[in-house]
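S.K.: Mind looking over this structure? Questions follow.
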Amino acid sequence: MERLVKFLNISSVVLLLFVSLVSSIKVPKRFEYKYSFKPPYLAQKDGSVPFWEYGGNAIASSESVRLAPSLRSQKGAIWTKNPVNFDSWEVDIAFRISGRGRIGADGMAFWYTQNKGAYDGEAFGSSDQWTGLGIFFDSFDNDNKHNNPYIFSIVNDGSVKFYHQDDGSTQQLAGCLRDFRNKPFPTRAKIDYYNNVLTLLFHNGMTNNEQDYELCFRAENVVLPKNGYFGLSAATGGLADDHDVIHFLTSSYITAGSVPSQSGLTDEQQKLQKEYMEYQAKLEQQKEEYKSSHPKAEENVEDWFETEYQREYKQLFQGLINIHDTAKQMDKKLDEIVGKQERTISLVSQQHGAVGANIPPPPPGQPAVAGESIRRHEVDAMFNNQNQIVNTVRELRQFILEIKQRIDTVINNQAKAPTAQVQAVGYDTQALINEMRDGLNHVKSNMAQMASQTGQGGGSCPQVSCVTVTTVLVIVAVQLAIILGYNVYRDSKDNQSKKFY
């Protein structure tokens, strides 16, 4: 019994080593450019994709193929022109499915079928009856089971239609629940078919690491038709997403049965060699025709290089171009300065005209003075007056700030002194303040009376004295400030003398 157990253990270890050795052997692959597309030269100038055909609402650009735009009821597909001439393959698809809503529709499909499908079919933009493999990236929940976005595969023999109502759940071969909408990086799917084993690796697009794949499903005993066609399709419904395919890279596994015959390679090499010889003969013929039509033309090697004079001329010409550009810029700046100056002069002239409108007309018998534009010395005088007014206002502001600081200092000193020494303002100061308050009230009443008389409009306008109301108010304010400052200064002296004694 012990020998049997030892034998079983040794056989299991050997079997595990054999399996690991077989799995570690990598099958060589070959890139198939005729069954692939990728940026930056995905589409040609005429909009066609080399070795591919697309239709429906699909749009091809230099960076991607948009199978279905984010509009309602759009369908599109793209298929290879040539059938696949190898049995085992690996397909790497990078795509983006993005939309504005929380739920998208309908999704995208990968096809490997015996015949090309439709470009506006019912199964995700292609035919709903096919012979081969279909892998679907379904983003809309038709069966209301809250299991979308979902990735699944279906192998069909052409006799069964795709059932949309349950999202093909009764027909699927294998699948996995993965989110592939609105990702920061392109989502990727790597589909591998080798020795009748179908494997799908999925990259969720959350990182920029190209090796960050995870297993979605693996199905064995999957038999697919030979010499099929690769295709991609997408469709939208009531909801809509953008379905963009960035690249489609196909690689074939090199096996004993998939190695092409030497005769096929020889035929292709002979074809390329024949084309090369034809182009070479055309080139030699064009050379002979040129020599016969230009017998005096001799090939001069020195003409291939520029001389020192040509180099100097180029430098001078470049310098003149730079000077010309600089002069243009200066001319533009001068035009801007002249325009600003003209606008300033026009504004000042308008102000001068508004002031001159109040000047009474000349007496009869004397010619009217023609309107003149403002002169330079008048503008200077106006600016000087403005500067003087600004300086005067600044001095008044500084004087008031000094008085405020002194008052704050006195109040702080009184607050710091003992309670017995805090004294109220003297009687004479209080009487003076009351007298000034009465004077201000009298001035306010006079101004209100004058305003009422002016509003009634009776009689002629009163004659304006030389001293305006503004001047009187300024003088009163200055006197008030001087008196307050003197009282504060006197109180501070009294407090100091009391502290001394």
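FYI, the numbering for the sequence shown is 1 to 501, going by full-length UniProt numbering.
C-beta: ideal position from N, C-alpha, C; glycine also.
1) Could you tell me which residues DSSP pairs with S251 in its beta bridges?
2) What are the start and end residues of the beta strand (DSSP E) that includes F110?
3) Using only the alpha-carbon positions, how far apart do D380 and I407 sit?
4) Name the two residues that bound the continuous beta strand (DSSP E) containing V197.
5) Does the distance from the C-beta atom of G228 to that of Q114 stay below 7 angstroms?
6) Note down the Cα distance separating L334 from V65, rounded to an integer number of angstroms.
7) How far does the beta strand (DSSP E) with N182 in it extend, from its first residue to its last?
8) According to DSSP, what are the bridge partners of Y41?
9) Thinking K29 and I254 are a contact (beta carbons under 8 angstroms), I'd like their distance in whole angstroms, please.
10) Helix, strand or coil: which one does DSSP assign to A240?
11) For the beta strand (DSSP E) that contains T468, what are its first and last residues?
12) What do you get for M277, buried or exposed, if any count of 16 or more other CB atoms within 10 angstroms of its CB means buried?
13) Among S492, K190, M108, which one has its Cα closest to the Cα of D409?
14) What is the DSSP secondary structure of V348, reduced to helix, strand or coil?
15) Spatial neighbours of T419 within its chain, please: CB distance less than 7 angstroms, with the 5 preceding and 5 following residues excluded, ordered by chain position.
16) With DSSP as the reference, label R490 as helix, strand or coil.
17) Distance, Cα to Cα, F162 vs E275?
18) Hey, is S139 close to the ligand MG, as in C-beta under 6 angstroms from one of its heavy atoms?
19) How about L71 and A240: are their beta carbons less than 7 angstroms apart?
20) Y54 lies in the beta strand (DSSP E); which residues open and close that run?
21) Our contact map puts F217 next to G175 with C-beta atoms below 8 angstroms; I'd like the distance itself, whole angstroms only.
22) Would D92 and K190 qualify as a contact pair, given that the criterion is a beta-carbon distance under 7 angstroms?
23) According to DSSP, is F217 helix, strand or coil?
24) What residue does the beta strand (DSSP E) around L67 start on, and which one ends it?
25) Identify, in the order they occur along the chain, each residue of the same chain with its Cβ nearer than 8 angstroms to the Cβ of Q44, setting aside the five sequence neighbours on each side.
26) By Cβ distance, which residues of its chain are closer than 6 angstroms to S251, with the 5 residues on each side in sequence left out?
27) Taking Q129 as the reference, which of G158, P184, S88, F230 has the closest Cα?
28) What is the DSSP secondary structure of G485, counted as helix, strand or coil?
29) For Q496, does the three-state DSSP call read helix, strand or coil?
30) Expressed to the nearest angstrom, what Euclidean distance is found between the alpha-carbon atoms of M382 and V348?
31) Quick check on Y489: buried or exposed, where buried means 16 or more other Cβ atoms within 10 Å of its Cβ?
32) For V19, is the classification buried or exposed, using 16 other Cβ atoms within 10 angstroms of its Cβ as the cut-off for buried?
33) If distances are taken between C-alpha atoms only, which option among I482, D192, F124, A327 comes closest to I403?
34) By alpha-carbon positions, which one of S126, N391, K38, Y193 ends up nearest to L224?
35) With a CB to CB cut of under 6 angstroms and the five nearest residues on each side skipped, what residues in its chain are close to K116?
36) Could you give the first and the last residue of the continuous beta strand (DSSP E) run that contains D138?
M.R.: Looking at the atomic coordinates:
1) As a first step, residue 251 is located in the sequence shown; it is residue number 251 there, counting from the start. Paired residue(s): F31, E90.
2) Sequence index remark: in the sequence shown, residue 110 carries index 110 (1-based). Per DSSP, F110 is one residue of the beta strand (DSSP E) stretching across 107-113.
3) Taking the sequence shown and counting its residues from 1, the one referred to as residue 380 is at position 380. Taking the sequence shown and counting its residues from 1, the one referred to as residue 407 is at position 407. Using only the alpha carbons, I get a separation of about 41 angstroms.
4) Residue 197 sits at position 197 when you count from the first residue of the sequence shown. Segment 197-203, the beta strand (DSSP E) holding V197.
5) For the purposes of this step, residue 228 is taken as the residue at position 228 of the sequence shown. For the purposes of this step, residue 114 is taken as the residue at position 114 of the sequence shown. It is a contact, given that the beta carbons lie within the stated cut-off.
6) As a working mapping, residue 334 is identified with position 334 in the sequence shown. As a working mapping, residue 65 is identified with position 65 in the sequence shown. In a straight line, the C-alpha of L334 is about 52 angstroms away from that of V65.
7) Counted from its first residue, the sequence shown places residue 182 at position 182. If you look at N182, you'll find it isn't in any beta strand (DSSP E); DSSP assigns it neither H nor E.
8) Within the sequence shown, residue 41 is the residue found at index 41, counting from 1. Per the DSSP secondary-structure output, Y41 pairs with nothing in a beta bridge.
9) Locating residue 29 in the sequence shown gives position 29, counting from the first residue. Locating residue 254 in the sequence shown gives position 254, counting from the first residue. Confirmed, about 7 angstroms.
10) For the purposes of this step, residue 240 is taken as residue 240 along the sequence shown, with counting starting at 1. In the structure shown, A240 falls within a coil segment according to DSSP collapsed to helix, strand and coil.
11) Here the question's residue 468 lines up with position 468 in the sequence shown. Per DSSP, T468 belongs to no beta strand (DSSP E) and is neither H nor E.
12) If you number the sequence shown from 1, residue 277 lands on position 277. Result: exposed.
13) Taking the sequence shown and counting its residues from 1, one reaches residue 409 at position 409. It should be noted that the sequence gives Thr, not Asp, for residue 409. The residue with the shortest Cα to Cα distance from T409 is S492.
14) Against the sequence shown, residue 348 aligns to sequence position 348. V348: helix per DSSP, three-state reduction.
15) Here residue 419 corresponds to residue number 419 of the sequence shown, with the count starting at 1. A caution first: T419 carries a pLDDT of 47, below 50, which makes its placement in the model too unreliable to give a value.
16) As a working mapping, residue 490 is identified with position 490 in the sequence shown. The answer is helix: DSSP assigns R490 an H, G or I state.
17) Here residue 162 refers to the residue found at position 162 of the sequence shown. Here residue 275 refers to the residue found at position 275 of the sequence shown. Between F162 and E275, the C-alpha separation is close to 48 angstroms.
18) As presented, the structure is devoid of all ligands, the ligand MG included, so that no description of it is given.
19) The residue labelled residue 71 in the question sits at position 71 within the sequence shown. The residue labelled residue 240 in the question sits at position 240 within the sequence shown. Going by C-beta atoms, L71 is nearer than 7 angstroms to A240.
20) Against the sequence shown, residue 54 aligns to sequence position 54. Unbroken beta strand (DSSP E) run through Y54: 52-56.
21) As a working mapping, residue 217 is identified with position 217 in the sequence shown. As a working mapping, residue 175 is identified with position 175 in the sequence shown. For F217 against G175, the beta-carbon gap comes to about 6 angstroms, under 8 angstroms, which counts as contact.
22) One-based indexing of the sequence shown puts residue 92 at position 92. One-based indexing of the sequence shown puts residue 190 at position 190. Contact: yes.
23) Translated into positions along the sequence shown, residue 217 becomes position 217. DSSP places F217 in strand when its eight states are reduced to three.
24) Here residue 67 refers to the residue found at position 67 of the sequence shown. It spans 65-68 - the beta strand (DSSP E) in which L67 sits, taken as one unbroken run.
25) The residue you call residue 44 lines up with position 44 of the sequence shown. Cβ within range, chain order: P50.
26) Counted from its first residue, the sequence shown places residue 251 at position 251. Cβ contact annotation for S251 (same chain, cutoff 6 angstroms, sequence separation greater than five): K29, F31, E90, in chain order.
27) Here residue 129 corresponds to residue number 129 of the sequence shown, with the count starting at 1. Among G158, P184, S88, F230, the Cα nearest to that of Q129 belongs to G158.
28) As a position in the sequence shown, residue 485 is number 485, starting the count at 1. If DSSP states are grouped into helix, strand and coil, G485 belongs with the helices.
29) Taking the first residue of the sequence shown as 1, we reach residue 496 at position 496. Here DSSP, grouped into helix, strand and coil, assigns Q496 to helix.
30) For the purposes of this step, residue 382 is identified with residue 382 of the sequence shown, where counting begins at 1. For the purposes of this step, residue 348 is identified with residue 348 of the sequence shown, where counting begins at 1. Per the coordinates, the alpha-carbon of M382 lies some 10 angstroms from the alpha-carbon of V348.
31) Within the sequence shown, residue 489 is the residue found at index 489, counting from 1. By the neighbour-count definition (other C-beta atoms within 10 Å, threshold 16), Y489 is an exposed residue.
32) Position 19 of the sequence shown holds residue 19. Because the pLDDT of V19 is 42, which lies under 50, any placement of that residue in the model is unreliable, and the number read from its coordinates should be weighed accordingly. It is exposed - the Cβ of V19 has fewer than 16 other Cβ atoms within 10 Å.
33) If you number the sequence shown from 1, residue 403 lands on position 403. Among I482, D192, F124, A327, the Cα nearest to that of I403 belongs to I482.
34) Translated into the one-based positions of the sequence shown, residue 224 becomes position 224. If we check each option's Cα against that of L224, Y193 comes out closest.
35) Sequence index remark: in the sequence shown, residue 116 carries index 116 (1-based). W79, Y229, listed in sequence order.
36) Here residue 138 corresponds to residue number 138 of the sequence shown, with the count starting at 1. Per DSSP, D138 is one residue of the beta strand (DSSP E) stretching across 131-138.
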